Structure formats: C-alpha cells, structure tokens
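Asker:
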Ligand code: ADP
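Numbering (the working numbering), first residue to last: 35 to 431.
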C-alpha cells in the first residue's frame, strides 16, 4: 500500500511517498516559493541524487501536478500509475478542539479546519490549498488529516485553561492547544517499544527540541500537559521565540518601543529566543560554538534554554506524581549531547543519571542514562511523516 504524505505551507509543499508494506520512503521532495518568483522543486528518489527543477509554479494545483508527474517520471519516478497511491495523509497544524484524532477528509472536516484558521493563520490556509490541489488531481483518492494538536486533546481542563475571564474561552476559544503533537505521540510510542515497556503504565516526559521546542507530560500513553499554548510561542526558549514570560511584558515593551500588536508579535516570534539573547544566531550549533569561545551572551542563552527545560521536567514530574522515562528528540534533542547533559544535571534527586559515554551520540535511538539510573533517558529520532502515513493507512486500509 503506497501513501503520499503532504505538508503544505502557504508557499511550499513537502511530500514523501511511503511504501507502507515495509514503511520505507520511495521518494520525497520539496516545492518551494509557490506563487513567488524563482519557484523550484527538489525531488529525491530513494537511492538517487537530488533532482532539481526550476519553473514557474503559480499555485498549489500546479505544484501538485508537477509532483505527481515527477513520481511517474521514467528516470526520477517510482510509480507506473497514480492508481498505485492508495491515499494521502496531510499534516494540519491546528485542529483546535474540534479534532481529538486523525480523520478522513469530508466537507464537514474541511469546514472545521477553516474555522481553526484564526488559531493558525500562517499554516491552515496552506494545508487547505494542499488538500484542494490533490482532490483536484486525484478526485477518487481518500485523504486523511493528521493534526499537530490532536495528541494534546487529552489534557484536563485545569491544565489547558488560562486565568482569563471564562467568556474569552467560550467565545474566542482561547486556551492551551499545544503543538508538535504528532512528534510527541510518535516518540512516546517508539520509546516504550524501544525500552520494551508497556506505555499504558508509565510516566514519560517528551522533549521535542528543534527551532521550535515543546515539552509534554505523557502519562499512560496520554498527553496530560504540554508547554506550548494557544500558539507555539509559549514554553521554553526557542531559536527565535521568547518562550514563557510575564504577560504584562507585552504591553510594557509595546509602549516602550512604540510597537503595534503585529510588530510586537513579530518581535517575540522572530527576533527573540537564542537569537535575541545571544545576538549570534538562532541555530544552537552557532550559539554553542560562540559560548565555547567565551561569548557571555551565547553562554547565557544556552543556560536559559537548559534551565527552562529542567524546570518543565520538574513541573511535569510533579503533575504526574512521578517519572519513569525522559525522551529527547528533534534537531537539538537528537544531536546536542551538551544540552541533554545540561538539562539532566542536577536531576539526580529525581532518579535521573546520565552516562556521559552513552550520551555521546547523535541522531540515533539510544539509552543515554546510566545502568543504575531509576529514570530511563532515551534519544528517539522523530518521524512525523511516518506517523501521518500510519494513521492514513489505519483509516483507509
Ligand atoms: P525544526 O523545528 O525547524 O524542524 P530541527 O528539529 O531541525 O528544527 O532543529 C533545528 C535545531 O537543531 C537548530 O537549533 C540546530 O542548531 C539544532 N542542531 C542540529 N544539529 C545539531 C548539533 N549537532 N548540535 C547542536 N544543535 C544541533
């Protein structure tokens, strides 16, 4: 069974074609700058070199047609007929509180995704264009939508409510929704499988640390709290985002710097975080390098990041009344041994003990805690696309 996984942005289309008989990737690629001058496609058939195409791509329908043509191409393709694709799975950033799990696309589902546009104004419109494009190209093929928010829908109300007047929740749906749910779900399942333990009996904290970072408390396989909020700005320090702060900082800085609400939003999302503190870069590799050379602000940025993650681990251990497993994933979690060590240092009182030699790995599944550590600490590379393909298979097979 072949499944096409699609992640559409407002001007981009990422795709991966899976053979779900063995969960292998047959081909993948990225269409960039849709509707903007200089659009191009980078396509890769597994085992072959990247194939680049530069051409005018005015909209998502044209982009999708070009992708399907590439999948059929005699040199770069992997299909003889488009009928071989059984279904498509789409990544959707926000399903608000309409969707608690992945679902098959129908008119009602599309309508609900539209209703969630205010919660993800930069993402949901692009996702809808992607669904429309493939429905146009392959009208008989089923589509499944997989939401970044769905895994977090099991949070109790006292974890997702803000202390605003209740009306704001009822009328504007302002609450914590979280993000990266597909990743937290994938790594929590995989960590339990990797460790050979029953997920329905354990308390786990999953740390998805990338350009955007979020931490989740996963109790007995269900998310009970997560660090991102109404938007992905909340939680720990990120590449260019502030993470948590006193909400009164917002009007204070707006007044002091004479910024409008959109400018302030941009300031907090694009100019802050590792970049804003260090003044060096939003990329942790650059910040770590500068810190190692003695740059004090770069060192401070690293310390804020590690301290923030550590505090979430403490808070979520208290929330769950214990802790059995910590999972690190995404660019930083999978690759930065020093961040993992910095986060876990001082958590020995919780039963967390890192083995520095075991921690000296990058980008692969591994147990990095010492043999006598009560809490198992693991690195699990995330794979959101595979999770989307699995859900799509389950709902359409
Ligand atoms: P995104 O959220 O955009 O998907 P990623 O999950 O790819 O991002 O994570 C990007 C982050 O991972 C960057 O901050 C990058 O510096 C960091 N990263 C990648 N490799 C390393 C490494 N070897 N050491 C430290 N940080 C790394």
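Even for Gly, the Cβ is constructed at its ideal location relative to N, Cα and C. Note that the structure is predicted; figures quoted are calculated from it, not measured.
#1: Give me the Cα-Cα distance between residue 174 and residue 257, rounded to the nearest whole angstrom.
#2: How is the beta strand (DSSP E) around residue 251 delimited, first residue to last?
#3: Reducing DSSP to helix, strand and coil, say where residue 430 ends up.
#4: Out of 93, 177, 63, 74, which one is the CA nearest neighbour of residue 37?
#5: How about residue 125 and residue 41: are their beta carbons less than 7 Å apart?
#6: So does the region 361 to 378 actually touch the region 406 to 418, counting three or more Cβ pairs closer than 8 Å?
#7: Ordered along the chain, which non-local residues of its own chain (more than five positions away) have a Cβ less than 6 Å from that of residue 146?
#8: Can you list, in chain order, every residue whose CB sits closer than 5 Å to a heavy atom of the ligand ADP?
#9: Using CA atoms only, rank isn't needed, just tell me which of 206, 73, 346 is closest to residue 152.
#10: Report buried or exposed for residue 138, applying the criterion of at least 16 other Cβ atoms within 10 angstroms of its Cβ.
#11: In this structure, what does DSSP give as the bridge partners for residue 50?
#12: Between which two residues does the beta strand (DSSP E) containing residue 8 stretch?
#13: Do you know offhand how far residue 142's Cα is from residue 148's?
#14: Measuring alpha carbon to alpha carbon, tell me which of 289, 393, 101 ends up nearest residue 77.
#15: Residue 324 lies in the alpha helix (DSSP H); which residues open and close that run?
#16: Where does the unbroken alpha helix (DSSP H) through residue 122 begin, and where does it stop?
#17: From this set, 79, 203, 91, 268, which residue's C-alpha is nearest residue 113's C-alpha?
#18: Straight-line CA distance for residue 250 to residue 300?
#19: Measure from the alpha carbon of residue 381 to the alpha carbon of each residue in 319, 351, 45, 323, then state which is nearest.
#20: Measuring CB to CB, does residue 215 end up less than 7 Å from residue 184?
Answerer: According to the structure shown:
#1: 35 Å
#2: 247 to 253
#3: helix
#4: 177
#5: yes
#6: yes
#7: 132
#8: 244, 245, 246, 317, 318, 319, 364, 365, 366, 369, 370
#9: Minimum Cα distance to residue 152 is reached at 206.
#10: exposed
#11: 39, 62
#12: This structure does not reach residue 8, given that the chain is present from 35 up to 431, and the question cannot be answered.
#13: 10 Å
#14: 101
#15: Where residue 324 is concerned, the enclosing alpha helix (DSSP H) starts and stops at 318 to 326.
#16: Looking at the DSSP string, residue 122 is not in any alpha helix (DSSP H); the run it does join, the beta strand (DSSP E), is 119 to 126.
#17: 79
#18: 25 Å
#19: 351
#20: yes
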